[in-house]
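The structure appears below as structure tokens.
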Amino acid sequence: QALQDAYGLAREAQALTLKLLKPGAKPKDISDANSDFLEKRGYFPEKRLYAHGQGYDLVERPLIRHDEPMKFQAGMNLTIHPGATNSTVWATVCDNYLVTETGVSPCLHKTPKEIIVV
Numbered sequence: 026q027a028l029q030d031a032y033g034l035a036r037e038a039q040a041l042t043l044k045l046l047k048p049g050a051k052p053k054d055i056s057d058a059n060s061d062f063l064e065k066r067g068y069f070p071e072k073r074l075y076a077h078g079q080g081y082d083l084v085e086r087p088l089i090r091h092d093e094p095m096k097f098q099a100g101m102n103l104t105i106h107p108g109a110t111n112s113t114v115w116a117t118v119c120d121n122y123l124v125t126e127t128g129v130s131p132c133l134h135k136t137p138k139e140i141i142v143v
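Under the numbering used here, the first residue of the sequence shown carries the number 26, and numbering increases by one thereafter.
Structural data, given as structure tokens:
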């Protein structure tokens with residue numbers, strides 16, 4: 026059940042990030058909001074790079090973290106992969122989106138948004 030709960034929280038964290046993403050948004054503001062969201066629910070703040078651009082390379086700017094000055098622009102491809110971590114569990118979700126003029130596109134793939142057991 027702990028994994029299910031953490032995965033659900035990671036999905037909520039992703040939804041929060043997507044709600045805040047739009048052209049001109051500051052990565053630091055989004056990063057801070059995500060960490061506050063997790064901490065208020067008893068999880069560790071996000072210290073890793075949990076969202077970033079993708080294009081010619083797997084990891085490109087802009088980066089969603091506290092020290093990234095580059096703002097988002099329409100047309101950018103981003104991967105959003107927040108995690109929910111506490112002392113006993115870690116869960117993450119990872120999906121790609123395009124920044125649009127007003128926010129973000131629907132998810133760019135059809136992978137089910139559920140815990141996948143291999």
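Ideal Cβ positions, reconstructed from N, Cα and C, are used throughout, including at glycine.
- Of the candidates W115, K51, H106, R73, H106 places its Cα closest to the Cα of N121.
- With a cutoff of 7 Å on beta-carbon distance, N111 and Y68 are scored as near each other.
- Straight across, the Cα-Cα distance linking T117 with K96 is about 24 Å.
- G78 sits close to L103, with the two beta carbons spaced by under 7 Å.
- For L34 against R73, the beta-carbon gap comes to about 16 Å, at or over 8 Å, which does not count as contact.
- DSSP, read as helix, strand or coil, puts T136 in coil.
- Residue pairing from DSSP leaves I141 without any beta-bridge partner.
- According to the DSSP assignment, E64 belongs to no beta strand (DSSP E) but to the alpha helix (DSSP H) extending over 52 to 65.
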